[in-house]
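Chains as they are written, first to last, in my numbering: chain A, 1 to 210; chain B, 1 to 369.
The beta-carbon is built from N, C-alpha and C at its ideal position, and this holds for glycine as well.
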Amino acid sequence: MDFTEYPSRLLQNAVDEFSKLPGIGKKTALRLVLHILHQNKDDVFKFGNSIIKLKNEIKFCKSCNNISDTDICKICSNNSRNHSLICVVENINDVMAIEQTNQFNGIYHVLGGVLSPMEGIGPDDLNILSLEKKCKENKVNEIIFALSTTMEGDTTNFYIYKKLNKYNIKFTTIARGISIGDEIIYADEITLGRSIVNRINYDEKINANI
Amino acid sequence: MQLDSLNLVNFKNFNQLEINNLLKINCFVGKNGEGKTNLLDAIYYLSFTKSYFNTIDSENIKYNNDFFVLQGKYKNSDEIIDVYCGVKPGHKKKFTLNKKTYKKLSDHIGLIPLVIITPSDINLIIGGSAVRRKFIDGVISQFDKEYLNALLKYNRVIEHRNKLLKQFAKNNIFDKDSISVWDEQLINYGNKIYKKRTDFIQKLIPVFQKFYSFISDDNERVELFYKSQLTEADFKSLLQKNISKDTILQYTSVGIHKDDLILTLEGRQIKKIGSQGQKKTYFLSLKLAQFEFIKQICGFKPLLLFDDVFDKLDADRVSQLIKLVSDNNFGQIFITDTSIDRLQKILLDIDIPSKIYELYNQTITLKNK
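So this is what it looks like as structure tokens:
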């Protein structure tokens, strides 16, 4: 079906804007726009304003680049958290994912991506300088790398490690292996192979689970 | 594992064709354009879920039709395996095993291992080094998923690194830290690949030589060598030494992506001095060595398809080749040829269950040995 013929220019503009969103094509965009059109005015204004307000008023934490309503985010301004333990992540949603686990009491540092010359992303495009500043000024004991387990992620880990190695910091990376609750036969060969090579002491495992 | 019957509908030049009770050696003879190779391709298709010669499926359908169907019944000791494939443009390709539809086509590949040898394999000898690397990579990847992973990663690092070199040139800068992290990855994966290639080629050489000397009746001395820049110096120093050259070229000039196999006959490069028949013997032996490795990996004998391989070989070599592949180390074989007389003569000499089929104008007839 060809959607180039719209009965109204206003409709077409709205569809064009919606279809710029990730994962939204022209058909879905039209469906969403027509849905909005059928809503009452108040709801639509609320919807539109929430987006404008989001863009106007949202802040990025000056310390970790996480999304925040204040200059320094809730996590970074929380004194009960361990500020000498920094978890380096790619994006804001990674922070939310790790926070969901309730297992981490340190602070974060959001890079905003990983090194990828093919997509034109170099060290200057990532928040690496501010991380170095943190290491210089504050007492940082440990940096945990929690980037994607891709080659680009690994390369970024390595770049940061090389930059910050001089500051006497312990570097760790999140464990890689079989997911909890997975059956061995469904694990891919690479992961399973690595899990065998990098097996862990059973004593430690028992203690960790208790 | 043996193919017992084959059934095709609207595949390439055939409307409908059925062949039953296939034996250990099966020959298809006929004039040019009768579809001998298309029959081999159908068998290949049932193993690899795609055509060897043309991966565009719509072009594999008989002209003026809108679908094709392939069906093969295989026997593995007492077990019967039924493979069905239906292709209709605009629909998902259907592949079933004993009436059960595969969710992923890749799950089927490897179930019925197969090696095909065609005249275009001459590129292993006369083609560029990429053909030979692909040959090696193809065999190692079959049994070593870590290798395949390292290879994919390596190629990606090369792309990143080359792009970075181009960005440096464009902006007239050079950032040593940026390039060195990619180098580190390159060295890591490159060394792994180099070691596995070295080990594999060490194992390949004797198998290859055994086949070559059998076919040529011990008349010629052949050798092959693994040539890699990493043999002469370690990868790290190679990259450091060539960094200014790479910066000018804007691509990575050293690494295992430059590897090659040196193929020699009597100490000289076969590419340059070998006759057509010698080159053919050479790539046949390489492919048979590949067969041997796949056999070891999967634990039983793959099917072996010979497309027009007798052409350019002398009668002695043809008979040696047939003697070689008809023994117990090889499984079921399919052969295409234009000359029925030649095949009859060869098969008379050996005491192996075999059949010769003649293809003419869409029909297939069984010929006497």
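query: Which residues share a DSSP beta bridge with B:N7?
result: Translated into the one-based positions of the second sequence, residue 7 of chain B becomes position 7. DSSP lists B:E18 and B:Q71 as partners of B:N7.
field: C-alpha gap between A:D69 and A:F60, whole angstroms
entry: Position 69 of the first sequence, counted from the start, is the residue given in the question as residue 69 of chain A. Position 60 of the first sequence, counted from the start, is the residue given in the question as residue 60 of chain A. Spanning the two alpha carbons is a distance of roughly 8 Å.
- request: Under 7 Å between beta-carbons, which chain B residues line up against A:K134? List them in chain order, please.
  value: Position 134 of the first sequence, counted from the first residue, corresponds to residue 134 of chain A. Per Cβ cutoff of 7 Å: no residues; A:K134 is ~19 Å from chain B at best.
task: Leaving out five residues on either side along the sequence, give the residues of the same chain with a beta carbon under 6 Å from the beta carbon of B:L303.
output: As a working mapping, residue 303 of chain B is identified with position 303 in the second sequence. Counting only Cβ-Cβ distances below 6 Å, and skipping sequence neighbours, we find L114 and Q332.
message: Could you compute how far the alpha carbon of A:N91 sits from the alpha carbon of A:L126?
response: As a position in the first sequence, residue 91 of chain A is number 91, starting the count at 1. As a position in the first sequence, residue 126 of chain A is number 126, starting the count at 1. Taking the straight line from one Cα to the other gives about 11 Å.
Helix, strand or coil at A:I178 according to DSSP, with G and I counted as helix: Locating residue 178 of chain A in the first sequence gives position 178, where the first residue counts as 1. If DSSP states are grouped into helix, strand and coil, A:I178 belongs with coil.
- request: For chain B, find out if any of its Cβ atoms is closer than 7 Å to the Cβ of A:E189; answer yes or no.
  value: Stepping through the first sequence from its first residue, residue 189 of chain A is reached at position 189. Yes, because at least one Cβ of chain B sits closer than 7 Å to the Cβ of A:E189.
- prompt: Based on Cα-Cα distance, which residue from B:K279, B:L343 and B:D311 lies nearest to B:G127?
  reply: In the second sequence, counting from the first residue as 1, residue 127 of chain B sits at position 127. Per the Cα distances, B:K279.
- prompt: So, are the CB atoms of A:T155 and B:V181 less than 7 Å apart?
  reply: Here residue 155 of chain A is taken as the residue at index 155 of the first sequence, counted from 1. Here residue 181 of chain B is taken as the residue at index 181 of the second sequence, counted from 1. Yes, they are a contact pair.
field: Complete runs of the alpha helix (DSSP H) confined to the segment 104 to 171 of chain B [at least 4 residues]
entry: 123 to 126, 129 to 143 and 145 to 171
message: Using a Cβ distance threshold of 8 Å, determine whether the segment 319 to 333 of chain B contacts the segment 16 to 33 of chain B, with at least three qualifying pairs required.
response: yes
- prompt: Just checking, does the segment 293 to 307 of chain B make contact with the segment 260 to 276 of chain B on the three C-beta pairs under 8 Å criterion?
  reply: no
message: Does the structure place the segment 76 to 88 of chain A close enough to the segment 125 to 143 of chain A that three or more beta carbon pairs sit under 8 Å?
response: yes
task: Would you list the one or two residues that DSSP bridges to A:V89?
output: For the purposes of this step, residue 89 of chain A is taken as residue 89 along the first sequence, with counting starting at 1. DSSP output for A:V89 lists A:V110 as bridge partner(s).
- prompt: Which one of B:L165, B:P206, B:D337 and B:C85 has the shortest CA to CA distance from B:L97?
  reply: Counting from one through the second sequence, the residue named residue 97 of chain B turns up at place 97. Considering only alpha carbons, the answer is B:C85.
query: Among the residues of its own chain, which have a CB less than 7 Å from the CB of B:V9, if the five just before and after it don't count?
result: For the purposes of this step, residue 9 of chain B is taken as residue 9 along the second sequence, with counting starting at 1. So the qualifying residues of the chain are Q16, F68 and V69.
- prompt: What is the C-beta distance between B:I193 and B:L151, in whole angstroms, given that I count them as a contact (C-beta under 8 Å)?
  reply: Taking the second sequence and counting its residues from 1, one reaches residue 193 of chain B at position 193. Taking the second sequence and counting its residues from 1, one reaches residue 151 of chain B at position 151. Confirmed, Cβ separation roughly 6 Å.
field: the segment 196 to 214 of chain B contacting the segment 156 to 174 of chain B, beta-carbon criterion three pairs below 8 Å
entry: no
Segment contact, 8 Å Cβ cut-off, at least three pairs: the segment 205 to 225 of chain B with the segment 274 to 292 of chain B: yes
Min CB distance B:H108 to chain A below 7 Å: Residue mapping note: residue 108 of chain B aligns to position 108 of the second sequence, counting from 1. B:H108 does not count as touching chain A.
query: Would B:L139 count as contacting chain A if we go by Cβ distances under 7 Å?
result: Reading the second sequence from its first residue, position 139 is the one you call residue 139 of chain B. According to the sequence shown, residue 139 of chain B is Val rather than Leu. Taking Cβ atoms only, chain A never reaches closer than 7 Å to B:V139, which makes this a no.
Simplified DSSP state of B:R221, which is helix, strand or coil: Here residue 221 of chain B refers to the residue found at position 221 when the second sequence is read from its first residue. Here B:R221 sits in coil by DSSP.
- prompt: In angstroms, rounded to a whole number, what distance separates the CA positions of B:K92 and B:E159?
  reply: Here residue 92 of chain B is taken as the residue at index 92 of the second sequence, counted from 1. Here residue 159 of chain B is taken as the residue at index 159 of the second sequence, counted from 1. Each residue's alpha carbon lies about 33 Å from the other.
field: Residues of the segment 167 to 201 of chain B whose Cβ lies closer than 8 Å to any Cβ of chain A, in chain order
entry: Q167, D175, D177, S178, S180, V181, W182, E184 and Q185
query: Residues of chain B with CB under 8 Å from A:D154, in chain order?
result: Within the first sequence, numbered from 1, the residue matching residue 154 of chain A stands at position 154. Chain B residues near A:D154: Q185.
message: Less than 7 Å between CB atoms is the rule here; does B:H91 satisfy it with respect to chain A?
response: For this step, residue 91 of chain B is matched to residue 91 along the second sequence. No, no contact with chain A.
message: Give me, in chain order, the residues of the same chain whose beta-carbon lies closer than 7 Å to that of B:Y360; leave out the 5 immediate sequence neighbours on both sides.
response: The sequence position of residue 360 of chain B within the second sequence is 360, counting from 1. Once the five neighbours on either side are set aside, the close Cβ partners of B:Y360 are G30 and E34.
task: Verify whether the separation of the beta carbon atoms of B:Y74 and B:L3 is less than 7 Å.
output: Within the second sequence, residue 74 of chain B is the residue found at index 74, counting from 1. Within the second sequence, residue 3 of chain B is the residue found at index 3, counting from 1. Yes, Cβ-Cβ distance for B:Y74 and B:L3 is below 7 Å.
task: Could you check the C-alpha separation between B:D337 and B:Y226 for me, to the nearest Å?
output: Within the second sequence, residue 337 of chain B is the residue found at index 337, counting from 1. Within the second sequence, residue 226 of chain B is the residue found at index 226, counting from 1. Computed Cα separation, rounded: 34 Å.
query: Whose Cβ in chain B lies nearer than 9 Å to the Cβ of A:G122?
result: By one-based count along the first sequence, residue 122 of chain A stands at place 122. In chain order: L164, Q167, D175 and S178.
task: Could you work out which residues of chain B lie near A:G193, taking near to mean beta carbons separated by less than 7 Å?
output: Taking the first residue of the first sequence as position 1, residue 193 of chain A is located at position 193. Going along chain B in sequence order, the residues near A:G193 (Cβ under 7 Å) are E146.
query: So, helix, strand or coil for B:L304, using DSSP?
result: Residue 304 of chain B sits at position 304 when you count from the first residue of the second sequence. B:L304 falls in the strand class under three-state DSSP.
message: Using 8 Å for Cβ pairs, my map puts A:I75 next to A:K62. What's the rounded Cβ distance?
response: As a working note, residue 75 of chain A is residue 75 in the first sequence. As a working note, residue 62 of chain A is residue 62 in the first sequence. In fact, because the Cβ distance is near 13 Å, the residues do not count as touching under 8 Å.
B:K203 versus B:S141 - alpha carbon distance: Position 203 of the second sequence, counted from the first residue, corresponds to residue 203 of chain B. Position 141 of the second sequence, counted from the first residue, corresponds to residue 141 of chain B. Those two C-alpha atoms are separated by around 15 Å.
query: So is A:V15 buried or exposed if we call it buried at 16+ other beta carbons inside 10 Å?
result: Taking the first residue of the first sequence as position 1, residue 15 of chain A is located at position 15. Classification for A:V15: buried.
- request: Please name the residue or residues paired with B:L263 in a DSSP beta bridge.
  value: If you number the second sequence from 1, residue 263 of chain B lands on position 263. Partner(s): B:L224.
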